[in-house]
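Working notes for the structure below.
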Amino acid sequence: MELFFSQILDGLSIASVLLLAATGLAIVFGLMGVINLAHGELMMLGAYVTFVVQNLFKPLGPAIFELYYPVALILAFIITAMVGVLLERTLIRKLYGRPLETLLATWGVSLVLIQLIRSISTSMLIGILAAVAIGLIGSKFMAKKIGDKPYFTYLNGLMWAFSLGIGLIVVNSMSSVRQLSSPWFGPRNLDVSPPKWLQGSWGKIGTVELPGIRVFIILLSIFLLIGVLWFLSKSAWGLRIRAVTQNRQMSNCLGIPTDRVDSITFGLGSGLAGVAGAAITLLGSVGPNLGTAYIVSCFMVIVLGGVGNLLGTVLASIMLGIIQSVVGSGSILIVFPNLPPALKGVVEFFATTSMSLVLVFIFIIVFLQFKPNGMFPQKGRSVDA
Amino acid sequence: MAETLLELTDVSVSFDGFYALTDLSLKLIKGEVKSIIGPNGAGKTTFLDVITGKVRPTKGTVTYRGQSLVGMSEQKISRNGIGRKFQTPRVFDNLTVLRNLELAVSPRKNALSLMLDPLPMAAKDEVHRLMSYVGLAPFAGTQAGSLSHGQKQWLAIASLVAQAPEVLLLDEPVAGLTDEETLRTAELIKSLAGDHTVVVIEHDMEFIRDLDFDVTVLHQGQLLTEGPLDEVKKDPRVIEVYLGTTED
Amino acid sequence: MKLFKRLVPWILLAIALFVLPAILSDFRLNLFGRYFALAITALAIDLIWGYTGLLSLGQGIFFALGGYAAAMYLTLNTPSQQGGNGIPKFFENFGVSELPFFWQPFNSPFLTLACLSLIPALVAGVVGYLIFRNRIKGVYFSIITQAALMVFFHFFNGQQKLINGSNGLTTNTTELYGLLVGSSDMKLWFYRLTVLLLPVAFLICRYFTTGRFGDALIAIRDDEQRFRFAGFNPVPFKTIVFIVAGGLCGVSGALYTVQTGIVSPQFMSISFSIEMVIWVAVGGRGSLVGPIIGAVLVNYLQSLVSEALPELWLFVQGGLFIFVVVLMPDGIYGWFTGGGLRSFLASFGIAQKARTYPKIDEQIESLQEVVSTTPTDSSA
């Protein structure tokens, strides 16, 4: 029974990470109808921010080092939120009303982010900055001179290609200098060591130890969930977000700046992904492919939980987290050793982490046969408009 | 005596506590034309939604030739002979006018038939008759998406007629049409009366007068009154609903 | 000119069959064989996405199923692959002594040929029907198919005792009619087979996209609800195209497997299935020529970039996704047919500007069409 309980605790902590990640995805999906396939990569960015902060705190002595984690959490939120806003302003906004295309474009973004993390080095950063600077200056200059000419768009594109080439040359010219050209992170997995106060046990319930990391993650997600709920229901921007979610055109007519609402929502969703990424560093190592491992589970949460309802997201994450942990670890067999052989075979078959995902998917497909719109479908005339 | 074709009894529809229709009971006699008017939010469109299966009534029954329509899928209701034109004209933008109509006129609506059977000659003739009737013959090869609003409206009506339904539900058929086109639509509807049962929802009172059939007034999801337009216009309750400020 | 247009497909086919093998090295020719195999998948995706509006991110399932079917047949029918108990060697590593039941049909070449396309089609039918009957569409459909893909990936990856897990099945060392599948002679035959099957796939897709059935697909893409109110049930339509697409992907996967020499769960990785979509997007969806162009072009580009600067490929690929979606939504073929080249040249003053009143011209054309011909095929 203790084992069972600790598996549930385990499941809850998986659920908490899922919840952190899926909440961001769900808010964005609810507001803009957009699925952000780069969400997993934003989580990965959050994890790398944690890694960087940890390394920055190392030289400051062991006492201050203990404090790095809260700082990392905040920075992970801020930085990924900024990346999210940038993404929304430059790309997502252009694709408004074309959700399938947005899906593909964000996948492109995720590929770029993965490779960026793998190969970013000082020389590359300089090259990118040079290319963007030349491109921006050049297009401003050209817009002034020939902005009204029909061939402006094509020349502008050519100019950007040109500045890209210059950037590449810049990177290449520094490739012989090792300090500049060696990648910061590389494709390998990196380790983040949790601060001491998170390691070990935080006390006992009965005979079951409460591992600090897992309890912390659960508390963190509860705290953030309450924060998000408060933001959405009490703050002025939250009210605007809810208004735009329900009726975009009407909100626009009422003078709500829907483009800023979009930016803020996307930033919030991305920031939550960053925090989720920072939380994941406590559970395992950090690598460029970290995001892809979680993103599909997040989708399953959204499908199961329905759109535009955080309660659905919460319940769905908890369900999936616990199924994954309890079934996947095979602890059912240990708790109930006397199962009939046929049933035992079935349980054994699903008793790995990957096979538990298979079970979860079957569960979702069956569930959708009865409740096609998720657990809490939206009601009203606007649903199928 | 005329038989009842479609009957709604005590139908209520609520969206999260807001009642769009409240205990509405209504009968459609075979071959009659009914104009439904009412201020915005009276439940006119929801009324059509309930009949065509888009919205499931919270309470009450809808029967068509003695058969319940509640819970039946949209396509089945449509195949049973109830056709509908939407408030905003909905056509298949990336198909040509001709193809739009050919799809609608198709006598058998299953996938295999569309794959294997050619369209019968009679159906083709019907398409051409309809196309020239609504004046879209010159646009036969034009993508429906590039038609003007009025032309789309015509195409939507023509598609509906092409489906050969017994009951036609028209949601604002003349919105955005010119006076001449409006007259022609009224003519078309009159020519359909008798063989068909028609329900018209409109705000355009001129058009309702042109049609010259009995009028039903809906208000706050309830039936207010029924009768010829001139009588209905004199009804103090109707005047109150359209002009007044009183609360029930 | 009309005659020339009619001859173009035959000329291209002749080039692919006779000219390319003569001028390309064995290695390059094999690569082109793979591209043409992938083009079949691109056609299938165009059928469901370009025409019907269903963006499936899970076509890798069907692709891999076809590949596994071919690989299982080859593994079973090569004497050198058999271990002590008369079953393939790799089973010994996992202590399996009896051939799992689902391997049995793949002893026979005819059953294998049938299973190649029928098993993926069947899986597509079941999954598709269960999803479509609940009116799940749009982004929801995409992420459910992606989840399904993930599930199949985990299943094949985790079941070593059944299907050799993450190692996959190698076909290069197997034999077909006494010839080594990895040999260049055999690969030339596979290349020819692929070149001949691609037009077949094209014709299949054309059959489903023209005529009244094709109209219905476009109607579903434009306004599914309106389609219902016209008395049609969209579920069978969608299920049928999903089945056809699944079957085509299966064939494509089998052809690809024998030419690469291995099938592994990586065929069902998330990224590969999304890449398939971008081939279609680059080439131009909603046309049947576009996907073939896109599949060949993007994969050729991938080979070139990966050979020269492997770490650059993800940047290029990511950029391609963003570029096509934002700036070239109709793809290369759509750009050409939509007058993109003309307006490009016109902006530099090289070509004539487009007609001032194209709509009137169009109307006159369509008028003439109605007057002169029978009305059935005006948009062909």
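Chains as they are written, first to last, in the working numbering: chain A, 3 to 387; chain B, 880 to 1127; chain C, 70 to 449.
Every residue, glycine too, gets a C-beta built ideally from N, C-alpha and C.
- The Cβ atoms of residue 1120 (chain B) and residue 1094 (chain B) do not sit closer than 7 Å to each other.
- Looking from the CA of residue 181 (chain C), the closest CA among C:228, C:224, C:139 and C:220 belongs to C:139.
- Interface flag for residue 311 (chain C) against chain B is unset, since no Cβ pair is found closer than 7 Å.
- When DSSP assignments are scanned along the segment 141-203 of chain A, the uninterrupted stretches of alpha helix (DSSP H) that are 4 or more residues long and fall wholly within it turn out to be 154-175 and 180-183.
- Secondary structure of residue 934 (chain B) (DSSP, three-state): coil.
- Sorting C:199, C:204 and C:145 by C-alpha distance to the C-alpha of residue 178 (chain C) places C:145 at the top.
- Residues of the segment 204-238 of chain C with a C-beta atom less than 7 Å from some C-beta of chain A are 204, 205, 207, 208, 209, 211, 212, 213, 215, 216, 217, 219, 220, 223, 224, 226 and 227, listed in chain order.
- By the 16-neighbour rule on beta-carbons within 10 angstroms, residue 176 (chain C) is exposed.
- Non-local beta-carbon contacts of residue 390 (chain C) in its own chain, meaning distances under 6 Å to residues more than five positions away in sequence, involve 347 in chain order.
- Of the candidates C:385, C:392 and C:135, C:135 places its Cα closest to the Cα of residue 334 (chain C).
- In the DSSP assignment, residue 892 (chain B) falls within the beta strand (DSSP E) that extends over 883-894.
- Separation of the CB atoms of residue 973 (chain B) and residue 1022 (chain B) is rounded to 6 Å, and the pair is thereby assigned contact status at 8 Å.
- Of all residues in the segment 275-297 of chain C, only 294 place a beta-carbon less than 7 Å from a beta-carbon of chain A.
- Judged by pairs of C-beta atoms under 8 Å, the segment 906-922 of chain B touches the segment 1062-1080 of chain B, as three or more such pairs exist.
- Note on geometry: alpha-carbon atoms of residue 113 (chain A) and residue 313 (chain C) lie some 30 Å from one another.
- For the segment 300-328 of chain C, the beta-carbon criterion of a distance under 7 Å to any beta-carbon of chain B is satisfied by 300, 301, 302, 305, 306 and 309.
- Relative to residue 5 (chain A), the option among A:336, A:24, A:361 and A:66 whose CA is nearest is A:336.
- Secondary structure note for residue 67 (chain A): its alpha helix (DSSP H) is the uninterrupted segment 64-67.
- DSSP places residue 217 (chain A) in the helix class (H, G or I) of the three-state scheme.
- Per DSSP, reduced to three states, the secondary structure at residue 326 (chain C) is helical.
- In this structure, the CA atom of residue 286 (chain C) is about 11 Å from the CA atom of residue 311 (chain C).
- Taking a contact as a CB-CB distance under 8 Å, the pair residue 324 (chain C) and residue 242 (chain C) does not count as one, their CB atoms being some 19 Å apart.
- Contact between residue 227 (chain C) and residue 354 (chain A) holds: their C-beta atoms lie close to 6 Å from each other, under 8 Å.
- If you draw a straight line from the Cα of residue 1012 (chain B) to the Cα of residue 990 (chain B), it comes to about 29 Å.
- Note: residue 947 (chain B) is bridge-paired with B:942 in the DSSP secondary-structure output.
- Per DSSP, the beta-bridge partners of residue 913 (chain B) are B:1078.
- Between the alpha carbons of residue 370 (chain C) and residue 98 (chain C) lies a gap of roughly 15 Å.
- In terms of Cβ geometry, residue 84 (chain C) and residue 321 (chain C) do not form a close pair [threshold 7 Å].
- The alpha helix (DSSP H) runs lying completely inside the segment 313-379 of chain C and spanning 4 residues or more are 339-352 and 358-377, given in chain order.
- Within the same chain, Cβ atoms closer than 8 Å to the Cβ of residue 308 (chain C) are found at 194, 197, 198 and 201, the five residues on either side in sequence being excluded.
- With contacts defined as CB atoms closer than 7 Å, residue 122 (chain C) and residue 290 (chain C) qualify as a contacting pair.
- Rounded to the nearest whole angstrom, the C-alpha separation of residue 254 (chain C) and residue 102 (chain C) is 13 Å.
- Interface with chain C (7 Å Cβ-Cβ cutoff): residue 247 (chain A) is excluded.
- Counting the other CB atoms within 10 Å of its CB gives residue 402 (chain C) a total of 16 or more, which places it among the buried residues.
- The residue from B:927, B:943, B:949 and B:944 with its alpha-carbon nearest to that of residue 937 (chain B) is B:949.
- Chain C has no Cβ within less than 7 Å of the Cβ of residue 290 (chain A).
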